[in-house]
Amino acid sequence: MDEMYLLNVEGVKKKILHGGHGELPQFKDGSKLTFHFQTLKDDFERTVIDDSRQAGIPMEIIVGKLFKIEVWETLLTSMRIGEVAEFWCDAIHTGMYALVSKGMRRIAEGKDPLEGQKHRCGMGNMFDYHSTGYADLDELQRAPQPLIFIMELFKVDDPSSYKRDTWAMNKEEKLSAVPVLHSEGNQLVLLKRYQEAAAKYQEAVICLRNVQAKEKPWAEDWLSLEKLIMPLVLNYCQCQLELGEYYEVLEHTTDLLQKDNGNHPGSLGCRGALGQPAWERSKWWAEGASRAGQGPF
Numbered sequence: 022m023d024e025m026y027l028l029n030v031e032g033v034k035k036k037i038l039h040g041g042h043g044e045l046p047q048f049k050d051g052s053k054l055t056f057h058f059q060t061l062k063d064d065f066e067r068t069v070i071d072d073s074r075q076a077g078i079p080m081e082i083i084v085g086k087l088f089k090i091e092v093w094e095t096l097l098t099s100m101r102i103g104e105v106a107e108f109w110c111d112a113i114h115t116g117m118y119a120l121v122s123k124g125m126r127r128i129a130e131g132k133d134p135l136e137g138q139k140h141r142c143g144m145g146n147m148f149d150y151h152s153t154g155y156a157d158l159d160e161l162q163r164a165p166q167p168l169i170f171i172m173e174l175f176k177v178d179d180p181s182s183y184k185r186d187t188w189a190m191n192k193e194e195k196l197s198a199v200p201v202l203h204s205e206g207n208q209l210v211l212l213k214r215y216q217e218a219a220a221k222y223q224e225a226v227i228c229l230r231n232v233q234a235k236e237k238p239w240a241e242d243w244l245s246l247e248k249l250i251m252p253l254v255l256n257y258c259q260c261q262l263e264l265g266e267y268y269e270v271l272e273h274t275t276d277l278l279q280k281d282n283g284n285h286p287g288s289l290g291c292r293g294a295l296g297q298p299a300w301e302r303s304k305w306w307a308e309g310a311s312r313a314g315q316g317p318f
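This is how it looks when you write it as structure tokens:
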């Protein structure tokens with residue numbers, strides 16, 4: 022099919038290459054879209070920039086979660102399952118493509134997609150014109166241009182049909198996930214699977230921190246969340262003690278003691294256990310938890 026469609030979005034044109042099947046899916050907030058894509062320059066050669074099939078990794082985005090290339094959600098939610106479509110997008114929609122592509126390429130190469138930018142934050146990243154490490158992406162970053170995206174949508178998951186990553190949850194979902202993660206962490210500790218337990222506690226803390234970030238610092242709701250965070254951090258520290266990550270324990274417990282004016286027994290117990298044999302660490306932890314009036318986990 023060669024007919025070109027407009028999507029009622031400025032600077033976007035669509036051509037259906039293969040019609041797909043069924044009705045247009047229900048794209049709910051939180052739906053997960055799985056697709057393959059190919060990115061081409063709008064030049065005579067139609068130069069290929071990226072191809073997810075060659076990388077061997079399909080792409081996923083969550084509806085309503087402000088993916089960096091916002092227009093992609095518009096493109097994909099115009100498609101049926103199995104549809105293949107070509108979209109021409111003006112430069113007003115492609116300014117972030119170089120940064121997104123860099124991350125995807127690094128993942129395909131088995132590298133950390135955030136390496137080199139972990140200590141930069143906020144809007145600064147949007148105006149960072151340092152090299153991406155890829156010459157073709159540097160060119161796009163310096164001078165955004167119209168791009169062509171060929172997409173194949175092959176799966177739409179309802180929000181309730183898959184385990185959502187923390188970043189994709191709303192406030193209520195994050196708060197509901199915390200006790201589950203806490204309990205899972207405790208069970209893993211009993212099995213002495215400390216690395217996995219630490220990951221559960223860390224995920225629970227991230228959920229609470231994300232919710233807390235939207236509250237006024239030191240207000241009642243903020244403090245209530247802080248009280249939930251503290252035992253999770255201590256549990257995380259106990260796992261790190263068992264794993265020999267002493268400097269990390271020192272960093273976290275120092276932060277907790279500063280927030281609690283140096284009076285939190287669990288923090289004191291963790292710090293006292295640094296450098297002690299395993300049985301002594303357990304003793305320190307038990308004593309600290311006893312003074313706190315709570316179990317170690």
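With my numbering as the guide, the letters of the sequence shown map in order to residues 22 to 318. C-beta: ideal position from N, C-alpha, C; glycine also.
Strand pairing of residue i, partner residues [DSSP]
i	result
His42	Ile102
Val33	Cys110
Ile90	Note: Ile90 sits in no beta bridge, so no partner.
Ile83	Lys53
Leu61	Val69, Ile169
Integer-rounded CB distance, given that residue j should sit under 8 Å from residue i
i	j	result
Leu249	Val199	7 Å
Thr98	Val84	7 Å
Pro46	Thr115	Actually they do not touch by this definition, with Cβ atoms about 25 Å apart.
Phe58	Ile171	7 Å
Val226	Val254	6 Å
Ala129	Leu158	The Cβ separation is near 14 Å, so there is no contact.
Met117	Ile90	6 Å
Lys19	Tyr155	A query on residue 19 cannot be resolved here, the shown segment of the chain reaching from 22 to 318 and no further.
Met251	Leu277	6 Å
Nearest residue (CA-CA) to residue i, options the options
i	options	result
Leu202	Glu224, Glu193, Asp159	Glu224
Phe108	Lys34, Gln216, Asp63	Lys34
Trp93	Met80, Ile102, Gln162	Met80
Thr153	Ala218, Val121, Leu54	Val121
Glu44	Val254, Tyr268, Ser245, Val177	Val177
Lys49	Gln75, Ile82, Gly77	Ile82
Thr55	Thr68, Arg74, Met251, Lys213	Arg74
Leu61	Asp111, Ser204, Ser52	Asp111
Met190	Ser52, Leu38, Ile37	Ser52
Ala219	Cys258, Asn29, Ile78	Cys258
Tyr222	Gly206, Glu241, Trp243	Gly206
Ile169	Asp242, Pro180, Asp276, Arg67	Arg67
Leu196	Asp242, Glu160, Arg163	Asp242
Glu194	Thr275, Cys228, Met251	Cys228
Val69	Leu161, His273, Lys192	Leu161
Lys86	Pro180, Gly131, Lys123, Arg163	Pro180
Leu212	Ala156, Cys260, Leu244	Cys260
Ser204	Val270, His39, Asn256, Tyr268	Asn256
Extent of the continuous beta strand (DSSP E) to which residue i belongs
i	result
Gln47	Looking at the DSSP string, Gln47 is not in any beta strand (DSSP E), and its letter there is neither H nor E.
Met172	168 to 178
Cβ shell of residue i (< 6 Å), same chain only, five flanking positions each side left out
i	result
Asp64	none
Ile113	Gly32
Glu247	none
Glu217	Leu209
Glu236	Asp242, Trp243
Glu269	Gln261
Val30	Thr95
Ala307	At Ala307, the pLDDT of 43 sits below 50, so the modelled position is not reliable; the number obtained from the coordinates is stated separately. Cβ neighbours of Ala307 beyond the five flanking positions: none.
Pro167	Asp63, Asp111, Ala112
Cβ shell of residue i (< 7 Å), same chain only, five flanking positions each side left out
i	result
Glu263	Tyr215
Leu28	Lys35, Thr95, Ser99
8 Å CB neighbourhood of residue i in its chain, flanking five on each side removed
i	result
Gly41	Met100, Arg101, Ile102, Gly103, Glu104, Val105, Leu174
Met125	Asp71, Ser73, Ala76, Ile78, Met80, Pro134
Glu266	none
Ser245	none
Boundaries (first-last residue) of the alpha helix (DSSP H) holding residue i
i	result
Met125	118 to 129
Val232	215 to 233
Gly242	Gly is not the amino acid found at residue 242; the sequence shown has Asp there. That run of the alpha helix (DSSP H) goes 241 to 263.
Glu193	192 to 211
Leu28	Looking at the DSSP string, Leu28 is not in any alpha helix (DSSP H), and its letter there is neither H nor E.
Glu160	156 to 163
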